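My numbering applies: residue 205 is where the sequence shown begins, and numbers increase by one.
Below: one structure, written as structure tokens.
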Amino acid sequence: MKFFRAFLIFFLLPAGLVAQHALPDTIDANYYPGIILLDGKTDDSVWQHIAPINNFTQRELNFGEAASEKTEVRIAYDKFAIYFAINCYMNDPSMMSAKFMQRDFDYWSDDNFQVALSPFNDRRNGYLFVINPNGARADELISNGEEGTMDWNGVWDAKTSRNSTGWFAEIKIPFSTLQFNKDSLHHWAVNFERDIKRKNEEDLWQGWSRDYSIFSLVNAGTLSGIGNIGYAKHFEFKPYALGGWNYERSNGFTYPYKIGGDLNINLTPTLKMNITANTDFAQIESDRIPVNLSRFAIDYPEKRDFFLEGYNSFEFYMGNSNTVFYTRTIGIEQLQTVPIIAGTRVFGKVGKNNIGLLDIQEGKFDTTSSHNDLVLRYKRDVGPQSYIGGIFTNKAGAGTSNQVAGIDASYTTSKFLHHRNLVVAGNIAQSMNDFRAEKNSLAYRIYSDYPNDLVDHFIAVSSLQQNFDPQLGFIQRKNYEAFNWHLVIMPRIFTKYGVRKMNFKPFELAALRTQSTHQFESFYNETRIVGAEFKSGESFEVNLRQTYDRLDEQFNITDSIYIPVGHYFMHVSEFAFSTFHGRRFWFDTYYNWGTFYTGKIQNYNASLGVNFSRHMNMNADYNYNLVRFQKGNVATNEIALYFNYAFTTKIDISVFGQYNSFDDLMRLNFRLHWIPRIGSDLYFVYNQGHDNIKQLDMFRPQSTTGVAKLVYRFAF
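See the structure below:
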């Protein structure tokens, strides 16, 4: 009966009761002609005559109630930048959670304050700037009002201070960091969120529905009062120089050095061009290579700065881990760096037109010849949240001429059933060689998504024909027709017993048949019998999985153990538990067991995080598999260790180490990062690799690399 009442409340409340905009929903920025000193103290004269906004409302834990702690925001600007002054008052500052100081910290596990801006004022795309009480900074690019890309690093700064009444911050964002229309008077979408971790409290200025996040810019407030500004600096030049050594046990020492750079040009206030020459990514953290017992390849995340800004502008996803464009096909072959000679990108908006162009010239690598990579992506805004668009990719070189052309469209609304999210979308793509299409070289996907707090429902049909070949994309599997369907129900019941919400998943299924023969190929389903998130931050799940797989070819697990051709029905049971990540010590674990093709499997995974101080943090992951076959057992161990020591918010040391017994490797990555001025970076990077663990000699690795790299920013 309680669940039925909750269902009616969530689905049938009139829109007026759930608009979730509190007056005032507009904040004015005040022009200040003097110098604004960024010191984290908000009692300076510039802020004294500016009226703050303070009408924050809880999304969690107590939905719709006023924030339990007072928060004030003031905004000022000068010719070059916009400034935010934030007062985060606390009844008991000793309970503050502030564990990190480094750039791009795990802000979701700290007290933090977030600023979401949509200078385009399209209420779709924008920027998220996050700080914690230590002055640590994180930022994300917001795309389509749905998600953020955290690996983007904008040019901005922040300072904080504390006293017996709370913590206080000043944020400075240069206008040259943002893209916006050229208007005499600006009206931007803006929203603010404050998270108080010890209470698991989330306070928003506007749009505090549990169905939305701060990325939902369509529900943001309005920033007004900014006038007569433009890009004071149209060009950003970031040259780099690096030098170091490389040692391979088989080849000895080499001493590489390199120079290159990026030139960023603001063609218009909303359209940016990047030009890169002799591109280098030596400072990027090494990939974590996980144990993979499946017959499918792994798609590794993009970490390279050049490809991250505007990353989502180029996406064209076909479902089931397949995508038409995957940036890691550029400059990387078999996890090895391929030289990028030069390249350019143009991305941004012209009116309602979203434009993305990428053109990269790659150099030779081993047996791979030089080739050119071209991607064109276009989207046209339709209505408040929807779009139509298309993509074209071309990979051309000696013996290679591959193209893909596709179109897509999405209808998105946050007003379905008055106030719910709904997405209905589809795409279709054709691959070609030498601009000629082969038979059976199409791919398509149609889906409907209802991602909301009480009910999350998704259904899709898709297909990749057997000759679909996007050579600038990532294809985990093809020659299939797929049906995907999941339903998750998360009622907020048993709250008097400390439960935040329950989590039931009646099904999450994927059924695939071979496209060329229409024979049933594979089936996967996960049922969550019960799960819960607690007000304390802990959570647990109990899951059951059923899998069917038809193997037409032998599948090798190791050199001596293989899975023969056949039809396989498998089942796995799983228990998962997670503690609250806002504590100094947190722990996640899951254990599953069941059948695996011709054998039986046990899998155990554990993650531990330790906050020693605001300067020093560590977390470690351990994964263990034991698969028992008649012909023998396969046991794997994987350990990944992450360590960070931040001297200040602009100098930190990070260490990443990995041991993988299945792939017989050990890796160590050490990085010192110093930000001498915002936008410029100095790196010292050391990598060590061992590829034969059975004959491990820590003092004689197979390979070592040491690199010093300076990137310096000039704006003019």
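Glycine residues also receive a C-beta, built at the ideal position from the N, C-alpha and C atoms.
Values in this document were obtained by computation on a predicted structure and should not be read as measured data.
#1: Taking just the CA atoms, how far does aspartate 315 sit from glutamate 273?
#2: Using 10 angstroms around the beta-carbon of glutamate 489, count the other beta-carbons present and answer buried if the total reaches 16, otherwise exposed.
#3: Starting from the Cα of lysine 376, find the closest Cα among Gln565, Phe333, Asn829 and give me that residue.
#4: If we count the other Cβ atoms within 10 Å of its Cβ and call it buried at 16 or more, is aspartate 673 buried or exposed?
#5: Determine, using beta carbons only, whether alanine 393 and isoleucine 479 come nearer to each other than 9 Å.
#6: Counting beta carbon pairs with one atom in the region 690–708 and one in the region 545–565, are three or more of them shorter than 8 Å?
#7: Is it the case that the region 437–452 contacts the region 339–355, given that we only count it when at least three CB pairs across the two stretches are under 8 Å?
#8: According to DSSP, is threonine 275 helix, strand or coil?
#9: Closest to leucine 408 by CA distance: which of Asp415, Ser420, Asn395 is it?
#10: Measure the C-alpha to C-alpha separation of leucine 812 and glutamate 742 and round it to an integer number of angstroms.
#11: When we look at the beta-carbon of glutamine 834 and count the other beta-carbons within 10 Å, is it buried (16 or more) or exposed?
#12: Of the residues Asn747, Gly798, Asn357, which one's Cα is nearest the Cα of tyrosine 772?
#13: Would you mind sorting serine 368 into buried or exposed? The rule is 16 or more other CB atoms within 10 Å of its CB.
#14: Under a Cβ-count criterion, where at least 16 other Cβ atoms within 10 Å of its own Cβ denotes burial, should isoleucine 897 be classed as buried or exposed?
#15: When the Cβ atoms of the region 826–845 are set against those of the region 802–810, are three or more pairs found closer than 8 Å?
#16: Just tell me which of Ser365, Asp343, Ala629, Tyr331 has its CA closest to the CA of asparagine 357.
#17: If you draw a straight line from the C-alpha of arginine 366 to the C-alpha of threonine 246, how long is it?
#18: Do three or more CB pairs link the region 560–576 to the region 526–537 at distances below 8 Å?
#19: Would you kindly report the start and end of the unbroken alpha helix (DSSP H) that includes alanine 249?
#20: Indicate whether valine 889 and glycine 447 have their beta-carbon atoms separated by less than 9 Å.
#21: Provide the residue(s) that pair with alanine 664 in DSSP beta bridges, ordered along the chain.
#22: Round the Cβ separation of glycine 593 and phenylalanine 551 to the nearest angstrom and send it over; I've been treating them as touching at under 8 Å.
#23: Please specify which runs of the beta strand (DSSP E), each continuous and at least 3 residues long, are wholly inside the region 441–474, giving them in chain order.
#24: Figure out for me which residue from Ala714, Phe784, Lys303, Thr731 has the closest Cα to the Cα of phenylalanine 738.
#25: Shortest alpha-carbon distance to glycine 370 belongs to which of Asn325, Ala844, Tyr293?
#26: So, with DSSP's three-state summary, where would you put aspartate 931?
#27: Using the C-alpha atoms, what's the distance from phenylalanine 379 back to alanine 686?
#28: Please state whether the Cβ-Cβ distance between tyrosine 651 and glycine 464 is less than 9 Å.
#29: Alpha carbons only, please: which of Ser313, Gln306, Ala844 is nearest the one belonging to arginine 788?
#30: In angstroms, rounded to a whole number, what distance separates the CA positions of proline 880 and lysine 854?
#31: Would you mind listing the beta strand (DSSP E) stretches within the region 520–580 that are 3+ residues and don't spill past its ends, in chain order?
Judging by the given coordinates:
#1: Answer to the nearest angstrom: the Cα atoms are 12 Å apart.
#2: With fewer than 16 other CB atoms across the displayed protein chains lying within 10 angstroms of its CB, glutamate 489 is exposed.
#3: The candidate whose alpha carbon is nearest that of lysine 376 is Phe333.
#4: Using a 10 angstroms sphere on the CB of aspartate 673, the tally of other CB atoms reaches 16 or more, which defines it as buried.
#5: Their beta carbons are not under 9 Å apart, which means alanine 393 does not touch isoleucine 479 by this criterion.
#6: Contact check between the region 545–565 and the region 690–708: fewer than three CB pairs, one atom from each, fall below 8 Å, which does not count as touching.
#7: Verdict: no, contact absent.
#8: Strand at threonine 275.
#9: With respect to the C-alpha of leucine 408, the residue from Asp415, Ser420, Asn395 having the closest C-alpha is Asn395.
#10: The alpha-carbon atoms of leucine 812 and glutamate 742 are separated by roughly 14 Å.
#11: Burial state of glutamine 834 is exposed, judged by a 10 Å Cβ sphere holding fewer than 16 other Cβ atoms.
#12: The closest CA to that of tyrosine 772, considering only Asn747, Gly798, Asn357, is found on Gly798.
#13: Answer is exposed; the Cβ neighbour count stays below 16.
#14: Only exposed fits isoleucine 897, as fewer than 16 other CB atoms lie within 10 angstroms of its CB.
#15: Flag = yes, the region 826–845 and the region 802–810 touch.
#16: If you compare the alpha carbons of Ser365, Asp343, Ala629, Tyr331 with that of asparagine 357, the shortest gap goes to Asp343.
#17: For arginine 366 and threonine 246, the distance between alpha carbons rounds to 11 Å.
#18: With the cut-off at 8 Å, the region 560–576 and the region 526–537 touch.
#19: The residue asked about is misnamed: residue 249 is serine in this sequence, not alanine. Looking at the DSSP string, the run of the alpha helix (DSSP H) that includes serine 249 is 249–252.
#20: Not a contact, by the Cβ cut-off of 9 Å.
#21: For alanine 664, the beta-bridge partners assigned by DSSP are Tyr651, Asn688.
#22: About 13 Å; that fails the 8 Å criterion.
#23: Restricted to the region 441–474, the beta strand (DSSP E) segments that are unbroken, complete and at least 3 residues in length are 456–458, 461–472, listed in chain order.
#24: With distances taken between Cα atoms, phenylalanine 738 lies closest to Phe784.
#25: Among Asn325, Ala844, Tyr293, the Cα nearest to that of glycine 370 is on Tyr293.
#26: The first residue shown for the chain is 205 and the last is 920, placing residue 931 beyond what the model contains.
#27: Straight-line Cα distance between these residues: approximately 46 Å.
#28: No, the Cβ-Cβ distance between tyrosine 651 and glycine 464 is not below 9 Å.
#29: Out of Ser313, Gln306, Ala844, Ser313 has the C-alpha closest to the C-alpha of arginine 788.
#30: Rounded to whole angstroms, proline 880 to lysine 854 spans 7 Å at the Cα level.
#31: DSSP runs (the beta strand (DSSP E)) wholly in the region 520–580: 521–523, 544–554, 557–566.
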